[in-house]
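Heads up: the structure comes next, in structure tokens.
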Amino acid sequence: MKIAIAGPYSAPTGKERQQNLDAMNEAAAAIYEMGHIPIIGVNAALPVLEKSEVDDEYKLIMDISMAMVESCDALLLLAPSPGANREHDLMVSLGKPVYRLLSEIPAS
13 MKIAIAGPYS
23 APTGKERQQN
33 LDAMNEAAAA
43 IYEMGHIPII
53 GVNAALPVLE
63 KSEVDDEYKL
73 IMDISMAMVE
83 SCDALLLLAP
93 SPGANREHDL
103 MVSLGKPVYR
113 LLSEIPAS
């Protein structure tokens with residue numbers, strides 16, 4: 013399965029944003045070790061953001077993240093946040109599974 017990982021990214025400091033990314037990337041590594049393909053939308057968006065001159069950085073991140081999530085078979089929701097909640101709601105509307113714990117994800 014291709015599994016998106018959603019959780020908070022935004023935070024007041026760069027250190028906290030990095031901690032949020034680390035949590036998503038650690039979950040991605042575990043998902044890969046389970047035999048699935050992990051997808052983190054913000055990881056795809058950040059290099060684009062770095063090279064862009066957009067006014068609405070949040071919109072860029074969410075546009076890319078939502079497109080990535082939509083292509084996945086399931087979602088792992090690490091913790092709620094405005095963006096993660098949007099990703100969750102999208103997957104629910106598509107009838108795709110949403111997991112809250114790694115242990116809920118079936119083996120490949």
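So the sequence shown is residues 13 to 120, counted in the numbering used here. Note that beta-carbon positions come from the ideal geometry of N, C-alpha and C, so glycine has one too. Bear in mind the structure is a predicted one, so any value in this text is a computation, not a measurement.
- Query: Would you call V81 buried or exposed, if buried means 16 or more other Cβ atoms sit within 10 Å of its Cβ?
  - Reply: In the sequence shown, residue 81 corresponds to position 69, counting from 1. It is buried - the Cβ of V81 has at least 16 other Cβ atoms within 10 Å.
- Item | Pair within 9 Å by beta-carbon distance, P20 and A119 | Locating residue 20 in the sequence shown gives position 8, counting from the first residue. Locating residue 119 in the sequence shown gives position 107, counting from the first residue. Cβ distance not < 9 Å, so P20 and A119 don't count as in contact.
- Query: Cβ of V54 within 9 Å of Cβ of M36?
  - Reply: As a working note, residue 54 is residue 42 in the sequence shown. As a working note, residue 36 is residue 24 in the sequence shown. Remark: C-beta atoms of V54 and M36 approach each other more closely than 9 Å.
- Task: State whether the stretch 61-68 contacts the stretch 41-53, with contact taken as three or more CB pairs (one from each stretch) at a distance under 8 Å.
- Result: no
- Message: Checking 9 Å against the spacing of the C-beta atoms, do I43 and L114 come in under that value?
- Response: Numbered from its first residue, the sequence shown carries residue 43 at position 31. Numbered from its first residue, the sequence shown carries residue 114 at position 102. Taking 9 Å as the Cβ cut-off, I43 and L114 qualify as a contacting pair.
- Could you give the uninterrupted runs of the beta strand (DSSP E) lying entirely in the stretch 30-86, keeping only those of 3 residues or more? 49-51
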